[in-house]
Amino acid sequence: STTTGDSVNMATNSIHWFRKGLRLHDNPALQEAVCGADTVRCVYFLDPWFSGSSNLGVNRWRFLLQCLDDLDSNLRKLNSRLFVIRGQPANVFPRLFKEWEISRLTFEYDSEPFGKERDAAIKKLAMEAGVEVVVKISHTLYNLDRIIELNGGQPPLTYKRFQTLISRMDPPEMPVETLSNTIMGCCVTPVSEDHGDKYGVPSLEELALFFNLHYLDSGFDIEGLPSAVWPGGETEALTRIERHLERKAWVANFERPRMNANSLLASPTGLSPYLRFGCLSCRLFYFKLTDLYRKVKKNSTPPLSLYGQLLWREFFYTAATTNPRFDKMEGNPICVRIPWDKNLEALAKWAEAKTGFPWIDAIMTQLRQEGWIHHLARHAVACFLTRGDLWISWEEGMKVFEALLLDADWSVNAGSWMWLSCSSFFQQFFHCYCPVGFGRCTDPNGDFIRRYLPILRGFPAKYIYDPWNAPDSVQAAAKCIIGVHYPKPMVNHAEASRLNIERMKQIYQQLSRYRGLGLLASVPSTHNGNGNGMSYSPGEQQSGTNTPSEYNFFPLHLRL
Amino acid sequence: MKRLSRDCEDSTSSCEGPTDSCKRARQPAEDPGDLLSNWARRLQEILLHIFQYLPLLDRAFASQVCRGWNEAFHMPELWRCFEFELNQPASSYLKATHPDLIKQIIKRHSNHLQYVSFKVDSSTESAEAACDILSQLVNCSLKTLGLISTARPSFMELPKSHFISALTVVFVNSKSLSSLKIDDTPVDDPSLKVLVANNSDTLKLLKMSSCPHVSPAGILCVADQCHGLRELALNYHLLSDELLLALSSEKHVHLEHLRIDVVSENPGQQFHTIKKSSWDAMVRHSPKFNLVMYFFLYEDEFGPFFRDEIPVTHLYFGRSVSKEVLGRVGMNCPRLVELVVCANGLRPLDEELIRIAERCQHLSAIGLGECEVSCSAFVEFVKMCGRRLSQLSIMEEVLIPDHKYSLDEIHWEVSKHLGRVWFPDMMPTW
Chain F
1 STTTGDSVNM
11 ATNSIHWFRK
21 GLRLHDNPAL
31 QEAVCGADTV
41 RCVYFLDPWF
51 SGSSNLGVNR
61 WRFLLQCLDD
71 LDSNLRKLNS
81 RLFVIRGQPA
91 NVFPRLFKEW
101 EISRLTFEYD
111 SEPFGKERDA
121 AIKKLAMEAG
131 VEVVVKISHT
141 LYNLDRIIEL
151 NGGQPPLTYK
161 RFQTLISRMD
171 PPEMPVETLS
181 NTIMGCCVTP
191 VSEDHGDKYG
201 VPSLEELALF
211 FNLHYLDSGF
221 DIEGLPSAVW
231 PGGETEALTR
241 IERHLERKAW
251 VANFERPRMN
261 ANSLLASPTG
271 LSPYLRFGCL
281 SCRLFYFKLT
291 DLYRKVKKNS
301 TPPLSLYGQL
311 LWREFFYTAA
321 TTNPRFDKME
331 GNPICVRIPW
341 DKNLEALAKW
351 AEAKTGFPWI
361 DAIMTQLRQE
371 GWIHHLARHA
381 VACFLTRGDL
391 WISWEEGMKV
401 FEALLLDADW
411 SVNAGSWMWL
421 SCSSFFQQFF
431 HCYCPVGFGR
441 CTDPNGDFIR
451 RYLPILRGFP
461 AKYIYDPWNA
471 PDSVQAAAKC
481 IIGVHYPKPM
491 VNHAEASRLN
501 IERMKQIYQQ
511 LSRYRGLGLL
521 ASVPSTHNGN
531 GNGMSYSPGE
541 QQSGTNTPSE
551 YNFFPLHLRL
Chain U
1 MKRLSRDCED
11 STSSCEGPTD
21 SCKRARQPAE
31 DPGDLLSNWA
41 RRLQEILLHI
51 FQYLPLLDRA
61 FASQVCRGWN
71 EAFHMPELWR
81 CFEFELNQPA
91 SSYLKATHPD
101 LIKQIIKRHS
111 NHLQYVSFKV
121 DSSTESAEAA
131 CDILSQLVNC
141 SLKTLGLIST
151 ARPSFMELPK
161 SHFISALTVV
171 FVNSKSLSSL
181 KIDDTPVDDP
191 SLKVLVANNS
201 DTLKLLKMSS
211 CPHVSPAGIL
221 CVADQCHGLR
231 ELALNYHLLS
241 DELLLALSSE
251 KHVHLEHLRI
261 DVVSENPGQQ
271 FHTIKKSSWD
281 AMVRHSPKFN
291 LVMYFFLYED
301 EFGPFFRDEI
311 PVTHLYFGRS
321 VSKEVLGRVG
331 MNCPRLVELV
341 VCANGLRPLD
351 EELIRIAERC
361 QHLSAIGLGE
371 CEVSCSAFVE
381 FVKMCGRRLS
391 QLSIMEEVLI
401 PDHKYSLDEI
411 HWEVSKHLGR
421 VWFPDMMPTW
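Chains as they are written, first to last, in UniProt numbering: chain F, 1 to 560; chain U, 1 to 430.
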């Protein structure tokens, strides 16, 4: 309570601020908003102009809007509503605190550096307005700061080190109950007549119109937009997780599934976008997996590999949380400085599925059309863009994924790109995914190609991965002349990979001060088990040091 | 201090050692005037010593402090090595060496330069700038020259004659080139002749992978004349029996490293064979030499390779290589130290790996990408190799669990036999 002279029983009016965590199940912060409060209002800020969001593709926007719609509809069942606020939190909160006489603000903890900064500013505003702030961790399995603490103050930089630390910690906290009428108790949400106009969830059409009117680069066309392959929302997420677990139980096999052509297609049990937006609680998923495993395998302890998907996510969140430059090469202490090429034309060909390599183009087409691609497909296109073929910066690839990929959030996206481009995390760089061979192994018949690149339908399996090698007669029969109806391959893969592996080797040898001939030994390993405190400091590479020191390029005659 | 004295042992040292300057200081008593000048000299030496540890930018700032420091900055010893970084904002994220600095170096220090490299980005402009500088290095006596493309090979975009004339300035003027790194450049046979004519006594290292204008005859000329050549890197099309015999001739020093890139230009390309007797001659002449081979071929182009015993020590397959070829590797590469396989396909390599463990007794490093090996065979392989395996880089997907071992169990088994904690390489999953 802030003012004197008012009645002793001050009303507790709460705001729950949705950012991620777009769900009513396992939402401890939301529970705190409701607990003992007289009123609660759930808000979501939508600002299409906001930096970063202007880049997002239509699938991202649609997914988000569907999540918000779903939240709104589930809140309605509890006689509440979602309040979608147009604007930025720092600008709008002071007004809302006053207008709604807010005494409590709750939100789910956001571990990302930008999020922490934003939240610190909001906390300050709230304090100034006499508003109590309650923050709860529920977007990650663990308290990430605790992991860092256990690792001597640094985030672990190898997945194995991360797993070791996790295995020493207490298991994640149990998910809390779903918000219900019982839990709401006497807490109500004042909803005005014009709620829909003021605070309603915009439709995709409205948003598209808004973008087009304001000539933002990101204007998207929703005419003839096919229905979402990945429908957003908590309801969909909860249906999927049941399906996901059913399938696992039926297979009774928790091993890594063998990759086949079907794996490349969107699955009705896929969960990654829902985890990213928080429609599905990672803790709920964790415990349901554990329960199922124990049931099927008769109470034995689940191996860490069972939670692979969740732990990778957690790993990248942990690596990123204390590093505001995690998404950059320059000034990022964990990122190797690689002399990537700046080539807008080549980048555009990759982004727009015009590389002339059907495997790459089909994947990028699926990505743009649907918003999800299999993780091996991600490896393939990321390798092709960066260290494999085009030698373009991983930051560019990351930006494209940010726009198109439904499950790409800041930490996981940047971390994965650094990983796949061998820019960090002690990755060996020798394995280069062949843009022809890798796809052929996965889907020998080429059905995936035909599905997403209909122009190549007429090619037989023999040539569908490298149609430029097909004789003229085959191309004519397929009604697709390479170079006319479909582009020629934009690089010679053998030559490009030869060049690039040489580049990577030079860079790593300079870094690790390794003077031998081995390819594998160029990359320093972490036998110290710390997974941090690297034997080299990639972020400290200096250009043109010109000191006659050991790790300089000279003298040449001592290494090849 | 430690570093300096090590440099002094090295014949290419670019600075005095502390013992030298101390010796100079221990001289009979002098009058005050001389004493002062001795102190001044020693101060310069100390400054030089300190400046050598400073990165260039910091040194440049320091040089602005006073005249004395400015003089120290320009001492010849500090200008023996230089790496010119030539980047354009449109094609690179990295900064370039400042053009004013480049001018200064050419004006004041070109005759001090001994170890020079050029790092250029993918723009033709950068390659031209490099050539421009090269053409001005008339007073230089370079020991080392490196032309390095950090992205796409922009030297290849230049008019050949322009590049050659710039390069030959260095060849003609240096006369004591010891190391030359000219991969991905349009160097040709005549320019190699010029190199040889002026530097045959001193040339120790020549790296020229992917120089399409050089012919086998051109490189043979180098091998014939440069008897001190210890390290050579080139493409397979330049390799010939004659070359190997020339490198094994009595007049020749022991070769230390030979690096060969085998790259396919077009699918179904035919490659020539090298006689076993030529390799044998190499091994007889230089028993400790390392043969590094990088293959970038289609699967069906391996016909001529690994039919006979070959003394390869470091082998990299940058594209998919068949089970059959890996079988031949096991049979014919007894000196193998490192084997790295990018991809193989989806048939287990169990037998092939076991054979490699048996027959490649020097194998200490192995890397497997998209391959498949059953867990049991893998454990067997590691058991046979034991602790000599210092590098074991296996992608997680390679290991296929079987009745004996699951994925979670295998790393214990392997760690046991290796004598250290080991895990396969992992890739993020979503």
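Positions of the beta carbon are idealized from the N, C-alpha and C atoms, including for glycine.
Inset, instruction - Determine the closest residue to F/M398 out of F/A351, F/A362, F/Y433, F/E370, with distance taken between C-alpha atoms. - result: Counting from 1 along the first sequence, the entry for residue 398 of chain F is found at position 398. Of F/A351, F/A362, F/Y433, F/E370, the residue nearest in Cα terms is F/A351.
Legend entry - 7 Å Cβ cutoff, F/H195 in contact with chain U: For this step, residue 195 of chain F is matched to residue 195 along the first sequence. Chain U, which has no Cβ nearer than 7 Å to the Cβ of F/H195, makes this no.
Inset, instruction - Indicate whether at least one CB of chain U lies closer than 7 Å to the CB of F/P302. - result: Taking the first sequence and counting its residues from 1, one reaches residue 302 of chain F at position 302. Output row for F/P302: interface = no.
Legend entry - Beta-carbon neighbours of F/Q510, restricted to chain U and to distances below 9 Å: Here residue 510 of chain F refers to the residue found at position 510 when the first sequence is read from its first residue. Correct list: empty, because the minimum Cβ distance to chain U is about 11 Å.
Inset, instruction - State buried or exposed for U/F61, treating a residue as buried only when at least 16 other CB atoms are found within 10 Å of its CB. - result: Position 61 of the second sequence, counting from 1, holds the residue named residue 61 of chain U. Under this definition U/F61 is an exposed residue.
Legend entry - Cut-off 6 Å between Cβ atoms - residues of its own chain near F/L367, not counting five sequence neighbours on either side: On the first sequence, residue 367 of chain F is found 367 positions in, with the first residue counted as 1. For F/L367, where only same-chain residues beyond five positions count, the Cβ hits under 6 Å are I373, L404.
Inset, instruction - Please report how far the alpha carbon of U/L101 lies from the alpha carbon of F/W359, in whole angstroms. - result: The count along the second sequence starts at 1 and reaches residue 101 of chain U at position 101. The count along the first sequence starts at 1 and reaches residue 359 of chain F at position 359. Going from the Cα of U/L101 to the Cα of F/W359 covers about 47 Å.
Legend entry - Any C-beta of chain F under 7 Å from that of U/T185: Taking the second sequence and counting its residues from 1, one reaches residue 185 of chain U at position 185. False, the Cβ-Cβ gap to chain F never drops below 7 Å.
Inset, instruction - Kindly say whether U/C342, judged by its beta-carbon, lies nearer than 7 Å to any beta-carbon of chain F. - result: For the purposes of this step, residue 342 of chain U is taken as residue 342 along the second sequence, with counting starting at 1. At least one chain F Cβ lies under 7 Å of U/C342.
Legend entry - 7 Å Cβ cutoff, U/G318 in contact with chain F: What you label residue 318 of chain U is simply residue 318 of the second sequence in a count that begins at 1. At least one chain F Cβ lies under 7 Å of U/G318.
Legend entry - Nearest to F/L204 (by Cα), restricted to the options F/F357, F/C187, F/E223: Translated into positions along the first sequence, residue 204 of chain F becomes position 204. For the residues F/F357, F/C187, F/E223, the minimum Cα distance to F/L204 belongs to F/E223.
Inset, instruction - If I'm right that U/A281 touches U/L244 with Cβ under 8 Å, what's the distance once you round it to whole angstroms? - result: Start at 1 with the first residue of the second sequence, and residue 281 of chain U comes out as number 281. Start at 1 with the first residue of the second sequence, and residue 244 of chain U comes out as number 244. Confirmed, Cβ separation roughly 6 Å.
Inset, instruction - Run through the region 268-338 of chain F for me and flag every whole alpha helix (DSSP H) of 4 or more residues, listed as ranges in chain order. - result: 272-277, 282-296, 308-320
Inset, instruction - Compute the Euclidean distance between the alpha carbons of U/L177 and U/S141, then round it to the nearest angstrom. - result: Locating residue 177 of chain U in the second sequence gives position 177, where the first residue counts as 1. Locating residue 141 of chain U in the second sequence gives position 141, where the first residue counts as 1. Looking at the two C-alpha atoms, the distance is approximately 8 Å.
Legend entry - U/A357 at chain F interface by Cβ criterion, 7 Å: As a working mapping, residue 357 of chain U is identified with position 357 in the second sequence. No - not a single Cβ of chain F is within 7 Å of the one on U/A357.
Inset, instruction - Anything in the region 90-124 of chain F with a Cβ closer than 9 Å to a Cβ of chain U? List those residues in chain order, please. - result: none
Inset, instruction - Could you tell me which of F/I507, F/L245, F/R95, F/D26 sits nearest to F/M174, measuring between CA atoms? - result: Numbered from 1 along the first sequence, position 174 holds the residue referred to as residue 174 of chain F. Checking every option, the nearest Cα to that of F/M174 belongs to F/D26.
Legend entry - C-beta atoms of U/K207 and U/R230 nearer than 7 Å: Along the second sequence, read from residue 1 onward, the residue named residue 207 of chain U stands at position 207. Along the second sequence, read from residue 1 onward, the residue named residue 230 of chain U stands at position 230. It is not a contact, given that the beta carbons lie outside the stated cut-off.
Inset, instruction - Can you tell me the Cβ-Cβ gap for F/W410 and U/P428, rounded? I've got them flagged as a contact below 8 Å. - result: Here residue 410 of chain F corresponds to residue number 410 of the first sequence, with the count starting at 1. Here residue 428 of chain U corresponds to residue number 428 of the second sequence, with the count starting at 1. Going by Cβ atoms, the distance from F/W410 to U/P428 rounds to 15 Å, so no, they are not a contact pair.
Inset, instruction - Using a Cβ cut-off of 7 Å (strictly closer), state whether U/M208 contacts chain F. - result: For this step, residue 208 of chain U is matched to residue 208 along the second sequence. No, because no Cβ of chain F sits closer than 7 Å to the Cβ of U/M208.
Legend entry - Nearest-angstrom Cα separation, counted from F/S421 out to F/V381: By one-based count along the first sequence, residue 381 of chain F stands at place 381. By one-based count along the first sequence, residue 421 of chain F stands at place 421. Roughly 10 Å between the two C-alpha positions.
Inset, instruction - Could you work out which residues of chain F lie near U/T429, taking near to mean beta carbons separated by less than 8 Å? - result: Within the second sequence, numbered from 1, the residue matching residue 429 of chain U stands at position 429. Those are G308, Q309, W312, H375, listed as they occur along chain F.
Inset, instruction - Flag U/A246 as yes if its beta-carbon sits less than 7 Å from any beta-carbon of chain F, otherwise no. - result: Taking the first residue of the second sequence as position 1, residue 246 of chain U is located at position 246. Answer no: the Cβ-Cβ gap between U/A246 and chain F never drops below 7 Å.
Legend entry - Any C-beta of chain F under 7 Å from that of U/F378: The count along the second sequence starts at 1 and reaches residue 378 of chain U at position 378. It does not: the Cβ of U/F378 has no partner Cβ on chain F nearer than 7 Å.
Legend entry - Close-in-space but distant-in-sequence residues of the same chain around F/G529 (CB under 6 Å, 5 per side omitted): Taking the first sequence and counting its residues from 1, the one referred to as residue 529 of chain F is at position 529. Legend: pLDDT at F/G529 = 36, less than 50; position of this residue unreliable, value from coordinates given subsequently. Excluding sequence neighbours, F/G529 sits near nothing in its chain.
Inset, instruction - Look at the alpha carbon of F/S167 and the alpha carbon of U/K404, and state the distance between them as a whole number of angstroms. - result: For the purposes of this step, residue 167 of chain F is identified with residue 167 of the first sequence, where counting begins at 1. For the purposes of this step, residue 404 of chain U is identified with residue 404 of the second sequence, where counting begins at 1. When rounded, the distance between both Cα atoms is 25 Å.
Inset, instruction - Spatial neighbours of F/D70 within its chain, please: CB distance less than 6 Å, with the 5 preceding and 5 following residues excluded, ordered by chain position. - result: Residue 70 of chain F sits at position 70 when you count from the first residue of the first sequence. Counting only Cβ-Cβ distances below 6 Å, and skipping sequence neighbours, we find G233, E234, T235.
Inset, instruction - Please confirm if F/W391 has its CB atom under 7 Å from at least one CB of chain U. - result: As a first step, residue 391 of chain F must be located in the first sequence, where it is residue number 391. Interface residue, yes.
Inset, instruction - Please determine, among F/M127, F/E246, F/D327, the residue with the shortest C-alpha to C-alpha distance to F/V336. - result: Residue 336 of chain F sits at position 336 when you count from the first residue of the first sequence. When each option's Cα is compared against that of F/V336, the closest is F/D327.
Inset, instruction - For U/T144, write down the residues that DSSP places opposite it in a beta bridge. - result: For this step, residue 144 of chain U is matched to residue 144 along the second sequence. For U/T144, which the question treats as bridged, DSSP gives the partners U/Y115, U/S179.
Inset, instruction - Below 9 Å between beta carbons is the criterion; list the residues of the region 283-302 of chain U that meet it against any residue of chain F, in chain order. - result: N290, V292, Y294, F296, L297, Y298, E299
Legend entry - Element boundaries [alpha helix (DSSP H), containing F/M184]: Residue mapping note: residue 184 of chain F aligns to position 184 of the first sequence, counting from 1. 181-184 is the span of the alpha helix (DSSP H), which, as asked, contains F/M184.
Legend entry - Option nearest U/Q52 by Cα separation, candidates U/S37, U/A40, U/R80: Position 52 of the second sequence, counting from 1, holds the residue named residue 52 of chain U. Closest option to U/Q52, Cα to Cα, is U/R80.
Inset, instruction - Classify F/M534 as helix, strand or coil using the three-state DSSP reduction. - result: Taking the first sequence and counting its residues from 1, one reaches residue 534 of chain F at position 534. A caution first: F/M534 carries a pLDDT of 37, below 50, which makes its placement in the model unreliable, though a value can still be read off. Reduced to three states, the DSSP call for F/M534 is coil.
Inset, instruction - Please classify F/N27: does DSSP put it in a helix, a strand, or coil? - result: One-based indexing of the first sequence puts residue 27 of chain F at position 27. F/N27: coil per DSSP, three-state reduction.
Legend entry - DSSP beta-bridge partners of U/F271: For the purposes of this step, residue 271 of chain U is taken as the residue at position 271 of the second sequence. In the DSSP output, where bridge partners are listed per residue, U/F271 has none listed.
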